[in-house]
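Novice:
Protein chains: 2
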Amino acid sequence: MSSPNTSAAPAASETDRSVIPDIVIGRLPVYLRTLKLLADEGSQVTSSQELATRLGISSAQIRKDLSHFGEFGKQGTGYNIVYLHRQLEKILHVDRVWSVALVGAGYLGHALAQYNGFESRGFRIVLAFDQDPEKVGNRIGDMVVEHADHIYARVRECGCRIAIIAVPATAGQSVADQLIEAGVTSILSYAPITLQVPQHVRVQYIDPVIHFQHMTYYLE
Amino acid sequence: MSSPNTSAAPAASETDRSVIPDIVIGRLPVYLRTLKLLADEGSQVTSSQELATRLGISSAQIRKDLSHFGEFGKQGTGYNIVYLHRQLEKILHVDRVWSVALVGAGYLGHALAQYNGFESRGFRIVLAFDQDPEKVGNRIGDMVVEHADHIYARVRECGCRIAIIAVPATAGQSVADQLIEAGVTSILSYAPITLQVPQHVRVQYIDPVIHFQHMTYYLE
Chain R
0 MSSPNTSAAP AASETDRSVI PDIVIGRLPV YLRTLKLLAD EGSQVTSSQE
50 LATRLGISSA QIRKDLSHFG EFGKQGTGYN IVYLHRQLEK ILHVDRVWSV
100 ALVGAGYLGH ALAQYNGFES RGFRIVLAFD QDPEKVGNRI GDMVVEHADH
150 IYARVRECGC RIAIIAVPAT AGQSVADQLI EAGVTSILSY APITLQVPQH
200 VRVQYIDPVI HFQHMTYYLE
Chain A
0 MSSPNTSAAP AASETDRSVI PDIVIGRLPV YLRTLKLLAD EGSQVTSSQE
50 LATRLGISSA QIRKDLSHFG EFGKQGTGYN IVYLHRQLEK ILHVDRVWSV
100 ALVGAGYLGH ALAQYNGFES RGFRIVLAFD QDPEKVGNRI GDMVVEHADH
150 IYARVRECGC RIAIIAVPAT AGQSVADQLI EAGVTSILSY APITLQVPQH
200 VRVQYIDPVI HFQHMTYYLE
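Have a look at this one:
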């Protein structure tokens with residue numbers, strides 16, 4: 000990199016990760032996505048003001064968030080997009096590709112398995128499971144659906160630490176238990192229940208109704 | 000209601016909605032979902048402590064969040080679940096059923112259209128669109144897929160103020176523009192781009208990679 004904006008940033012590993020608020024971490028992937036979009040549009044440099052306008056977050060907040068991890072831009076010259084993108088990838092550990100296990104091969108599982116936006120952003124679904132014998136053996140994305148009875152053995156074998164739960168609410172907890180037993184520590188759940196998990200496991204939820212209800216508060 | 004815990008709560012309309020932080024509003028649907036789960040399990044009374052354990056939020060935070068809207072429980076007696084559930088439904092305006100337009104009839108659209116957890120929580124998908132002529136006319140859930148050219152006319156006709164965008168990133172902005180033109184003010188978008196919308200429009204995003212990347216920060 001020949002950018003003048005790259006020299007002052009310390010390596011991400013020098014940062015004490017435990018002191019940075021989780022809500023800040025939650026915004027970094029959004030910055031990363033926006034930088035990718037700007038790069039795709041042909042931009043080479045951006046500013047906290049431009050990011051703020053795109054994202055509806057204040058530019059001060061963006062500068063403060065990024066300052067936890069180093070000095071990525073100079074006053075008046077802005078951020079080198081490729082450089083900042085690469086640094087955020089390193090900070091978020093997506094400068095590699097993580098193997099992901101998918102449980103649930105219904106419409107949602109198919110949508111996830113065929114989505115081609117995972118790999119460029121650090122993730123590849125490598126295993127797919129369902130408990131329905133009619134679905135086992137079918138193709139889903141690039142995979143073949145395996146029986147849910149094999150979750151433990153196959154997830155251990157592949158060493159997946161990340162999984163997606165795309166099953167009905169009633170099956171969610173049992174699937175989570177099996178995944179965690181097999182070594183998964185990060186779960187993205189589409190099942191509309193709050194999972195009970197050990198403290199070392201992180202769960203993120205996707206429940207469209209939660210988002211709808213957040214918006215209807217402001218309607219009428 | 001004969002519960003002793005119901006008398007002191009003011010009507011939600013007495014609350015000045017503009018002063019309550021949006022992050023608090025974002026938690027109310029999670030409380031609502033948890034109360035529903037507790038009711039389904041046969042419980043009649045709960046406490047901020049029980050909710051805290053279920054949700055991984057502090058009980059003080061839960062009490063503070065709810066206190067914005069009134070006094071829902073008495074020290075030592077807890078919350079009447081049915082009553083608190085009903086009050087939160089009113090506060091979030093989901094004591095009715097909202098008509099929702101769905102754009103995108105791929106696997107994701109099918110998953111959403113067949114999901115049977117919307118109506119009991121305040122939403123019914125009543126329109127489905129796609130621009131692919133091969134999909135137009137097909138059944139999706141209880142509906143027939145209509146051509147995306149009819150978004151403006153049909154959304155106006157039905158008076159939908161809420162819509163789901165389940166199309167590829169490249170089509171997202173154009174679909175959003177048409178929906179907003181037709182009167183939609185609340186959008187749930189699965190397209191992995193940040194939409195540019197007028198100030199009166201609210202957008203919530205569902206992008207699984209954002210959640211993955213939030214979790215990989217803590218891995219290794």
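First to last, the sequence lines map onto chains R and A.
Residue 0 is where the first sequence starts when you use numbering that gives the first Met the number 0, and the numbers rise one by one after that.
Residue 0 is where the second sequence starts when you use numbering that gives the first Met the number 0, and the numbers rise one by one after that.
All C-beta atoms in this analysis are idealised placements derived from N, C-alpha and C, irrespective of residue type, glycine included.
1) Determine, using beta-carbon pairs with one atom in the region 90-106 of chain A and one in the region 44-59 of chain A, whether at least three such pairs fall under 8 Å.
2) Considering only their Cβ atoms, is the gap separating glycine 77 of chain R from alanine 165 of chain R smaller than 8 Å?
3) At a Cβ threshold of 8 Å, is methionine 214 of chain A touching chain R?
4) I'd like to check one pair, leucine 36 of chain A with histidine 84 of chain A: are the Cβ atoms closer than 8 Å?
5) Counting only Cβ pairs nearer than 7 Å, list the residues of chain R close to histidine 92 of chain A.
6) Residues bridged to lysine 73 of chain R by DSSP?
7) With a threshold of 8 Å between beta carbons, is histidine 84 of chain R in contact with chain A?
8) To the nearest angstrom, how far is it from the Cα of histidine 149 of chain A to the Cα of phenylalanine 128 of chain A?
9) According to the Cβ coordinates, are histidine 210 of chain A and leucine 65 of chain R closer than 8 Å?
10) Applying the criterion that 16 or more other CB atoms from any shown protein chain within 10 Å of the CB defines a buried residue, is methionine 0 of chain A buried or exposed?
11) In chain A, which residues lie with their C-beta within 7 Å of the C-beta of isoleucine 192 of chain R?
12) On a Cα-Cα basis, can you pick out the residue from A/Ala59, A/Gly69, A/Gly171, A/Arg32 that is closest to glycine 121 of chain A?
13) Does chain A have any CB closer than 8 Å to the CB of alanine 110 of chain R?
14) By DSSP, does arginine 85 of chain R sit in helix, in strand, or in coil?
15) Across the region 105-124 of chain R and the region 97-116 of chain A, are there enough close Cβ pairs to call them in contact, namely three or more that are closer than 8 Å?
16) Is there a Cβ from chain A that is less than 8 Å from the Cβ of valine 29 of chain R?
17) Which residues in chain A sit within 8 Å of isoleucine 124 of chain R, going by Cβ to Cβ distance?
18) Helix, strand or coil for aspartate 64 of chain R? Go by DSSP, reduced to three states.
19) Interface residues of chain R around glycine 158 of chain A at Cβ under 9 Å?
20) Counting Cβ pairs, one atom from each stretch, are 3 or more of them under 8 Å apart for the region 131-151 of chain A and the region 173-186 of chain A?
21) What residue from R/Met214, R/Leu194, R/Glu133 has the CA that sits closest to glycine 55 of chain A's CA?
22) Measuring alpha carbon to alpha carbon, tell me which residue in A/Gln130, A/Ala181, A/Gly140 is nearest arginine 155 of chain A.
Specialist: Let me spell this out:
1) no
2) no
3) yes
4) no
5) Thr215, Tyr216, Leu218, Glu219
6) Within the DSSP bridge table, the entry for lysine 73 of chain R names R/Gly77 as partners.
7) no
8) 8 Å
9) no
10) The predicted position of methionine 0 of chain A is uncertain, since its pLDDT is 34 and thus under 50; a value taken from the coordinates is nonetheless stated next. Burial call: exposed.
11) Leu36
12) A/Arg32
13) yes
14) helix
15) With contact defined as three or more Cβ pairs closer than 8 Å, the region 105-124 of chain R and the region 97-116 of chain A are in contact.
16) So, interface residue.
17) The premise fails here: isoleucine 124 of chain R is roughly 10 Å from chain A at the closest Cβ pair, so nothing lies under 8 Å.
18) helix
19) Near glycine 158 of chain A there are no residues of chain R at all, since even the closest Cβ is about 12 Å away, more than 9 Å.
20) yes
21) R/Leu194
22) Considering only A/Gln130, A/Ala181, A/Gly140, the residue with the shortest C-alpha distance to arginine 155 of chain A is A/Ala181.
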